[in-house]
Amino acid sequence: MGITTLFSLPKSVSVFFHKKFERWLAKRIPNSKEHQLNSRNIMIYPTRFGLSYLGFVVLVFLLGTNYQNNIILLFSYLLASLFISVMLHSFYNFSQLRFYSMAKQQGYAGEALYFPIKIFAEKTHYDINAHFTDSNLNSHVEKIPLCLQGGEEIKLSYKSAKRGKHTLGRVTVFSEYSLGLFKSKTVLGFGHYAIIYPKPKSLVVGQYQFSAQPDEPSIESYQTTHSVGTDDFSELRSFVRGESRARTAWKQLAKGQGHYSKHYQASQGQLQWLKLKDMPSNDVETQLSYLSFLISELTATNQAFGLSLSADISNKSMNIPPNVGVEHQQACLTALALYS
(Lines of atoms letter the chains of each structure in order from A; the text may use other names.)
(Lines give C-alpha, C1' and ligand atoms only; values in the text may rest on other atoms or scores of the structure.)
Protein backbone atom coordinates (compact mmCIF):
# COMPACT_ATOMS: atom_id res chain seq x y z
CA MET A 1 0.00 0.00 0.00
CA GLY A 2 2.85 2.34 0.92
CA ILE A 3 4.66 1.64 -2.37
CA THR A 4 1.53 2.40 -4.41
CA THR A 5 1.07 5.72 -2.63
CA LEU A 6 4.72 6.59 -3.14
CA PHE A 7 4.51 6.07 -6.89
CA SER A 8 1.08 7.67 -7.33
CA LEU A 9 2.07 10.87 -5.54
CA PRO A 10 4.14 12.40 -8.39
CA LYS A 11 1.30 11.73 -10.82
CA SER A 12 -1.26 13.39 -8.56
CA VAL A 13 1.04 16.36 -8.11
CA SER A 14 1.53 16.69 -11.88
CA VAL A 15 -2.23 16.50 -12.44
CA PHE A 16 -2.73 19.22 -9.83
CA PHE A 17 -0.24 21.56 -11.46
CA HIS A 18 -1.60 20.73 -14.93
CA LYS A 19 -5.10 21.78 -13.87
CA LYS A 20 -3.74 24.95 -12.30
CA PHE A 21 -1.85 25.72 -15.51
CA GLU A 22 -4.98 25.10 -17.62
CA ARG A 23 -6.97 27.53 -15.47
CA TRP A 24 -4.21 30.09 -15.76
CA LEU A 25 -4.15 29.66 -19.55
CA ALA A 26 -7.93 30.05 -19.77
CA LYS A 27 -7.60 33.47 -18.12
CA ARG A 28 -4.36 34.52 -19.78
CA ILE A 29 -5.11 33.27 -23.31
CA PRO A 30 -8.90 32.72 -23.61
CA ASN A 31 -10.38 30.88 -26.58
CA SER A 32 -10.80 33.04 -29.67
CA LYS A 33 -10.82 32.53 -33.43
CA GLU A 34 -7.97 35.07 -33.73
CA HIS A 35 -4.80 35.62 -31.70
CA GLN A 36 -1.88 38.04 -31.98
CA LEU A 37 1.40 37.15 -30.31
CA ASN A 38 2.84 39.62 -27.81
CA SER A 39 4.53 39.68 -24.42
CA ARG A 40 1.27 38.62 -22.76
CA ASN A 41 0.97 35.25 -24.49
CA ILE A 42 4.59 34.33 -25.39
CA MET A 43 6.68 32.11 -23.14
CA ILE A 44 10.46 31.87 -23.65
CA TYR A 45 12.76 29.38 -21.95
CA PRO A 46 16.13 27.78 -22.74
CA THR A 47 16.27 24.55 -24.71
CA ARG A 48 18.47 21.65 -23.58
CA PHE A 49 21.17 23.01 -25.82
CA GLY A 50 20.60 26.45 -24.28
CA LEU A 51 21.01 25.08 -20.75
CA SER A 52 24.19 23.29 -21.80
CA TYR A 53 25.44 26.54 -23.32
CA LEU A 54 24.61 28.43 -20.12
CA GLY A 55 26.45 25.81 -18.05
CA PHE A 56 29.47 26.23 -20.31
CA VAL A 57 29.37 30.02 -19.81
CA VAL A 58 29.32 29.57 -16.02
CA LEU A 59 32.21 27.10 -16.25
CA VAL A 60 34.30 29.53 -18.34
CA PHE A 61 33.53 32.33 -15.88
CA LEU A 62 34.64 30.18 -12.91
CA LEU A 63 37.84 29.24 -14.72
CA GLY A 64 38.59 32.89 -15.45
CA THR A 65 37.90 33.85 -11.83
CA ASN A 66 39.97 30.98 -10.42
CA TYR A 67 43.01 31.75 -12.57
CA GLN A 68 42.39 35.51 -12.53
CA ASN A 69 42.63 35.51 -16.31
CA ASN A 70 41.00 38.59 -17.83
CA ILE A 71 40.90 37.10 -21.33
CA ILE A 72 38.90 34.08 -20.14
CA LEU A 73 36.60 36.38 -18.14
CA LEU A 74 36.10 38.59 -21.18
CA PHE A 75 35.28 35.51 -23.24
CA SER A 76 32.65 34.41 -20.67
CA TYR A 77 31.08 37.90 -20.77
CA LEU A 78 30.95 37.69 -24.55
CA LEU A 79 29.21 34.31 -24.41
CA ALA A 80 26.74 35.62 -21.81
CA SER A 81 25.92 38.68 -23.92
CA LEU A 82 25.31 36.41 -26.92
CA PHE A 83 22.93 34.33 -24.77
CA ILE A 84 20.90 37.41 -23.84
CA SER A 85 20.94 38.76 -27.41
CA VAL A 86 19.61 35.47 -28.78
CA MET A 87 16.79 35.52 -26.21
CA LEU A 88 15.70 38.99 -27.37
CA HIS A 89 16.07 38.00 -31.02
CA SER A 90 13.93 34.90 -30.42
CA PHE A 91 11.17 37.04 -28.94
CA TYR A 92 11.16 39.55 -31.80
CA ASN A 93 11.10 36.73 -34.35
CA PHE A 94 8.02 35.22 -32.69
CA SER A 95 6.06 38.34 -31.74
CA GLN A 96 3.48 40.20 -33.85
CA LEU A 97 2.34 37.07 -35.68
CA ARG A 98 -1.45 36.77 -36.04
CA PHE A 99 -3.24 33.43 -36.15
CA TYR A 100 -6.79 32.80 -37.35
CA SER A 101 -8.75 29.54 -37.40
CA MET A 102 -12.36 28.39 -37.44
CA ALA A 103 -13.32 26.05 -34.62
CA LYS A 104 -15.41 23.36 -36.33
CA GLN A 105 -14.63 20.62 -38.83
CA GLN A 106 -16.69 17.57 -39.70
CA GLY A 107 -16.03 14.28 -41.47
CA TYR A 108 -16.43 10.52 -41.37
CA ALA A 109 -14.84 8.18 -38.86
CA GLY A 110 -11.49 6.88 -40.04
CA GLU A 111 -10.86 9.86 -42.33
CA ALA A 112 -8.32 12.60 -41.63
CA LEU A 113 -9.73 16.05 -40.87
CA TYR A 114 -7.66 19.16 -41.41
CA PHE A 115 -7.92 22.30 -39.31
CA PRO A 116 -6.42 25.19 -41.33
CA ILE A 117 -4.72 27.96 -39.36
CA LYS A 118 -4.00 31.16 -41.27
CA ILE A 119 -0.86 33.05 -40.26
CA PHE A 120 -0.54 36.78 -40.99
CA ALA A 121 2.94 38.31 -40.78
CA GLU A 122 4.07 41.94 -41.09
CA LYS A 123 7.67 40.82 -41.65
CA THR A 124 9.58 37.63 -42.38
CA HIS A 125 9.61 35.08 -39.54
CA TYR A 126 11.62 31.89 -39.24
CA ASP A 127 11.03 28.36 -37.97
CA ILE A 128 7.31 28.44 -37.08
CA ASN A 129 5.94 25.09 -35.86
CA ALA A 130 2.48 24.04 -34.67
CA HIS A 131 0.70 20.96 -33.31
CA PHE A 132 -2.25 20.07 -31.07
CA THR A 133 -1.19 20.34 -27.44
CA ASP A 134 -2.96 17.18 -26.25
CA SER A 135 -0.44 14.34 -26.59
CA ASN A 136 -3.28 11.79 -26.79
CA LEU A 137 -4.18 13.14 -30.24
CA ASN A 138 -0.79 12.05 -31.67
CA SER A 139 -0.66 15.28 -33.64
CA HIS A 140 2.18 15.71 -36.12
CA VAL A 141 4.27 18.87 -35.91
CA GLU A 142 3.60 21.03 -38.96
CA LYS A 143 6.52 23.29 -39.92
CA ILE A 144 7.00 26.54 -41.80
CA PRO A 145 10.77 27.11 -42.08
CA LEU A 146 10.27 30.54 -43.65
CA CYS A 147 7.09 32.54 -43.00
CA LEU A 148 7.15 35.37 -45.51
CA GLN A 149 5.52 38.75 -45.09
CA GLY A 150 1.83 38.51 -45.89
CA GLY A 151 -0.01 35.28 -45.24
CA GLU A 152 0.74 31.59 -44.80
CA GLU A 153 -1.44 28.62 -43.91
CA ILE A 154 -0.71 25.61 -41.79
CA LYS A 155 -3.03 22.58 -41.51
CA LEU A 156 -3.26 20.39 -38.43
CA SER A 157 -4.63 16.90 -39.00
CA TYR A 158 -6.93 14.89 -36.75
CA LYS A 159 -8.23 11.37 -37.22
CA SER A 160 -10.66 9.36 -35.11
CA ALA A 161 -12.28 5.96 -35.48
CA LYS A 162 -15.13 6.90 -33.12
CA ARG A 163 -18.16 9.00 -34.00
CA GLY A 164 -19.26 11.91 -31.84
CA LYS A 165 -18.16 15.39 -30.88
CA HIS A 166 -14.44 15.54 -30.11
CA THR A 167 -12.94 18.56 -28.36
CA LEU A 168 -9.34 18.95 -29.51
CA GLY A 169 -8.07 21.48 -26.99
CA ARG A 170 -5.33 24.02 -27.58
CA VAL A 171 -2.69 24.43 -30.27
CA THR A 172 0.98 24.76 -29.36
CA VAL A 173 2.98 27.09 -31.61
CA PHE A 174 6.73 27.34 -31.09
CA SER A 175 10.02 28.41 -32.64
CA GLU A 176 13.66 27.69 -31.76
CA TYR A 177 15.07 30.47 -33.91
CA SER A 178 17.83 31.46 -33.67
CA LEU A 179 20.79 29.18 -32.81
CA GLY A 180 18.44 26.83 -30.94
CA LEU A 181 19.30 28.31 -27.54
CA PHE A 182 15.72 29.33 -26.67
CA LYS A 183 12.25 28.05 -27.41
CA SER A 184 9.60 30.72 -27.94
CA LYS A 185 6.23 29.15 -27.30
CA THR A 186 2.55 29.94 -27.01
CA VAL A 187 -0.52 27.79 -26.37
CA LEU A 188 -3.48 29.19 -28.31
CA GLY A 189 -7.12 28.26 -27.86
CA PHE A 190 -9.31 28.34 -30.96
CA GLY A 191 -12.05 26.15 -29.47
CA HIS A 192 -11.35 23.45 -32.06
CA TYR A 193 -13.76 20.53 -32.14
CA ALA A 194 -14.63 17.83 -34.65
CA ILE A 195 -18.00 16.28 -35.47
CA ILE A 196 -17.23 12.71 -36.53
CA TYR A 197 -19.95 11.01 -38.59
CA PRO A 198 -20.43 7.22 -38.52
CA LYS A 199 -18.40 5.49 -41.20
CA PRO A 200 -20.78 4.59 -44.08
CA LYS A 201 -21.54 0.90 -44.48
CA SER A 202 -23.18 -0.08 -47.75
CA LEU A 203 -26.47 -1.92 -47.88
CA VAL A 204 -27.30 -4.67 -50.36
CA VAL A 205 -29.95 -3.47 -52.79
CA GLY A 206 -33.36 -4.35 -51.40
CA GLN A 207 -32.24 -4.81 -47.79
CA TYR A 208 -34.06 -1.66 -46.77
CA GLN A 209 -37.59 -0.49 -47.51
CA PHE A 210 -38.60 3.08 -46.76
CA SER A 211 -41.29 3.25 -44.09
CA ALA A 212 -43.80 5.77 -42.82
CA GLN A 213 -43.48 8.34 -40.10
CA PRO A 214 -46.44 8.38 -37.66
CA ASP A 215 -48.89 11.23 -38.13
CA GLU A 216 -48.13 14.39 -36.23
CA PRO A 217 -51.11 16.79 -36.14
CA SER A 218 -48.96 19.86 -35.50
CA ILE A 219 -46.84 19.44 -38.63
CA GLU A 220 -48.70 18.99 -41.87
CA SER A 221 -45.74 17.56 -43.77
CA TYR A 222 -45.56 14.63 -41.36
CA GLN A 223 -49.10 13.50 -42.12
CA THR A 224 -48.26 11.64 -45.32
CA THR A 225 -48.20 7.85 -44.85
CA HIS A 226 -45.88 5.55 -46.72
CA SER A 227 -45.87 1.78 -46.42
CA VAL A 228 -45.41 -1.34 -48.51
CA GLY A 229 -48.66 -2.15 -50.25
CA THR A 230 -49.71 1.46 -50.79
CA ASP A 231 -46.79 2.23 -53.13
CA ASP A 232 -47.10 1.96 -56.89
CA PHE A 233 -45.54 -1.17 -58.39
CA SER A 234 -42.39 -0.20 -60.29
CA GLU A 235 -40.58 -3.25 -61.71
CA LEU A 236 -39.26 -6.77 -61.22
CA ARG A 237 -35.57 -7.24 -60.54
CA SER A 238 -33.41 -10.30 -60.12
CA PHE A 239 -33.53 -11.51 -56.52
CA VAL A 240 -30.46 -10.52 -54.52
CA ARG A 241 -29.37 -12.58 -51.56
CA GLY A 242 -30.33 -10.72 -48.39
CA GLU A 243 -33.60 -9.27 -49.74
CA SER A 244 -36.83 -9.87 -47.85
CA ARG A 245 -38.71 -12.93 -49.18
CA ALA A 246 -41.93 -10.98 -48.68
CA ARG A 247 -41.04 -9.14 -51.88
CA THR A 248 -40.49 -12.31 -53.93
CA ALA A 249 -42.53 -12.53 -57.16
CA TRP A 250 -44.01 -15.97 -56.39
CA LYS A 251 -46.11 -16.08 -59.55
CA GLN A 252 -43.07 -15.82 -61.82
CA LEU A 253 -41.13 -18.25 -59.62
CA ALA A 254 -43.93 -20.84 -59.79
CA LYS A 255 -43.97 -20.60 -63.58
CA GLY A 256 -40.23 -21.28 -63.68
CA GLN A 257 -39.48 -17.85 -65.11
CA GLY A 258 -36.75 -17.15 -62.53
CA HIS A 259 -36.40 -15.75 -59.04
CA TYR A 260 -37.42 -12.08 -59.03
CA SER A 261 -38.35 -9.52 -56.39
CA LYS A 262 -40.96 -6.81 -56.62
CA HIS A 263 -39.88 -3.19 -56.32
CA TYR A 264 -42.17 -0.29 -55.57
CA GLN A 265 -42.04 3.44 -56.14
CA ALA A 266 -43.53 5.93 -53.72
CA SER A 267 -46.72 7.58 -54.93
CA GLN A 268 -46.55 11.28 -55.70
CA GLY A 269 -46.75 13.36 -52.54
CA GLN A 270 -45.41 10.62 -50.28
CA LEU A 271 -42.28 11.21 -48.22
CA GLN A 272 -39.37 8.89 -47.57
CA TRP A 273 -38.18 8.34 -44.01
CA LEU A 274 -34.97 6.75 -42.82
CA LYS A 275 -35.58 5.06 -39.48
CA LEU A 276 -33.01 3.71 -37.08
CA LYS A 277 -35.26 0.88 -35.95
CA ASP A 278 -35.73 -0.32 -39.54
CA MET A 279 -32.02 -0.93 -40.16
CA PRO A 280 -31.17 -4.65 -40.72
CA SER A 281 -28.96 -5.09 -37.65
CA ASN A 282 -29.19 -5.41 -33.88
CA ASP A 283 -26.03 -3.37 -33.31
CA VAL A 284 -26.67 0.37 -32.93
CA GLU A 285 -23.31 1.41 -34.42
CA THR A 286 -23.93 -0.77 -37.49
CA GLN A 287 -27.41 0.72 -37.87
CA LEU A 288 -25.96 4.23 -37.74
CA SER A 289 -23.37 3.27 -40.36
CA TYR A 290 -26.17 2.02 -42.65
CA LEU A 291 -28.04 5.30 -42.17
CA SER A 292 -24.87 7.26 -42.93
CA PHE A 293 -24.57 5.38 -46.24
CA LEU A 294 -28.24 5.89 -47.17
CA ILE A 295 -28.12 9.61 -46.36
CA SER A 296 -25.15 10.09 -48.70
CA GLU A 297 -26.77 8.01 -51.45
CA LEU A 298 -30.09 9.87 -51.32
CA THR A 299 -28.35 13.25 -51.25
CA ALA A 300 -26.25 12.28 -54.27
CA THR A 301 -29.43 11.48 -56.23
CA ASN A 302 -31.20 14.64 -54.94
CA GLN A 303 -34.02 12.71 -53.25
CA ALA A 304 -36.00 14.16 -50.36
CA PHE A 305 -35.94 12.15 -47.14
CA GLY A 306 -36.42 12.53 -43.41
CA LEU A 307 -34.50 10.98 -40.54
CA SER A 308 -36.07 9.38 -37.47
CA LEU A 309 -33.82 8.26 -34.63
CA SER A 310 -36.43 8.35 -31.87
CA ALA A 311 -39.97 7.08 -31.46
CA ASP A 312 -40.77 10.37 -29.75
CA ILE A 313 -41.75 12.56 -32.70
CA SER A 314 -41.65 15.66 -30.49
CA ASN A 315 -37.87 15.28 -30.22
CA LYS A 316 -36.85 17.56 -33.09
CA SER A 317 -33.11 16.91 -32.73
CA MET A 318 -33.66 13.19 -33.30
CA ASN A 319 -36.42 13.55 -35.93
CA ILE A 320 -35.47 15.72 -38.89
CA PRO A 321 -38.24 16.56 -41.41
CA PRO A 322 -37.81 15.54 -45.07
CA ASN A 323 -35.70 17.88 -47.17
CA VAL A 324 -32.95 17.84 -49.80
CA GLY A 325 -29.50 19.33 -50.21
CA VAL A 326 -26.08 19.37 -48.61
CA GLU A 327 -27.20 21.32 -45.52
CA HIS A 328 -29.91 18.73 -44.86
CA GLN A 329 -27.31 15.97 -45.31
CA GLN A 330 -24.99 17.60 -42.76
CA ALA A 331 -27.85 18.07 -40.29
CA CYS A 332 -28.77 14.39 -40.56
CA LEU A 333 -25.17 13.18 -40.31
CA THR A 334 -24.62 15.43 -37.28
CA ALA A 335 -27.66 13.86 -35.62
CA LEU A 336 -26.11 10.43 -36.25
CA ALA A 337 -22.77 11.57 -34.82
CA LEU A 338 -24.36 12.91 -31.62
CA TYR A 339 -26.84 10.05 -31.15
CA SER A 340 -26.65 8.41 -27.74
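If you read the sequence shown in this note's numbering, its first letter stands for residue 1, the second for the next number, and so on.
Where a beta carbon is used, it is the ideal one built from N, C-alpha and C, also for glycine.
Pick from the options that is closest to residue i, judged by C-alpha positions
| i | options | result |
| --- | --- | --- |
| T172 | V284, I117 and G110 | I117 |
| L179 | M102, F293 and D127 | D127 |
| Q159 | M43, A249, R23 and I196 | First, the amino acid is wrong: residue 159 is Lys here, not Gln. Taking only the C-alpha atoms, the option nearest K159 is I196. |
| F61 | L51, L74 and S52 | L74 |
| H166 | H140, S202, N129 and L113 | L113 |
| L188 | S12, P10, S32 and H18 | S32 |
| S85 | R163, L276, G50 and I29 | G50 |
| P200 | G151, L181, Y177 and E285 | E285 |
| F293 | N323, N315, Q330 and Q105 | Q330 |
| V141 | S175, E111, E152 and K162 | S175 |
| S317 | V324, S308 and N323 | S308 |
| S310 | G55, I71 and P321 | P321 |
Cross-strand partners of residue i (DSSP beta bridge)
| i | result |
| --- | --- |
| Y126 | L146 |
| S308 | K275 and N319 |
| I195 | Q106 and K165 |
Close Cβ partners of residue i (< 8 angstroms) along its chain, the five nearest in sequence each way excluded
| i | result |
| --- | --- |
| Q149 | A121, E122, K123 and T124 |
| L168 | F115, F132, D134, L137, Y158, H192, Y193 and A194 |
| S281 | Q287 and Y290 |
Element boundaries [beta strand (DSSP E), containing residue i]
| i | result |
| --- | --- |
| T172 | G164 to S175 |
| R40 | It is not in any beta strand (DSSP E) - R40 carries neither H nor E in the DSSP assignment. |
| Q105 | K104 to Y108 |
| L274 | W273 to K275 |
Coarse secondary structure for residue i, derived from DSSP in three states
| i | result |
| --- | --- |
| A331 | helix |
| I295 | helix |
| S139 | coil |
| V15 | helix |
| P116 | strand |
| E111 | coil |
| A337 | helix |
| L188 | strand |
| L25 | helix |
Extent of the continuous alpha helix (DSSP H) run through residue i
| i | result |
| --- | --- |
| N93 | N70 to F94 |
| G64 | R48 to Y67 |
| A254 | W250 to A254 |
Cβ-based neighbour list, residue i, same chain, cut-off 7 angstroms, excluding 5 preceding and 5 following
| i | result |
| --- | --- |
| Y372 | With the chain running from 1 to 340 in the structure shown, residue 372 is simply not present. |
Neighbourhood of residue i by C-beta distance below 6 angstroms, restricted to the same chain and skipping five residues each side
| i | result |
| --- | --- |
| Y100 | E34 and K118 |
| V326 | none |
| T299 | Q329 |
Below-9 angstroms beta-carbon distance, residue i vs any chain D residue
| i | result |
| --- | --- |
| V15 | Going by chain labels, chain D is absent from the structure shown, which holds only one protein chain. |
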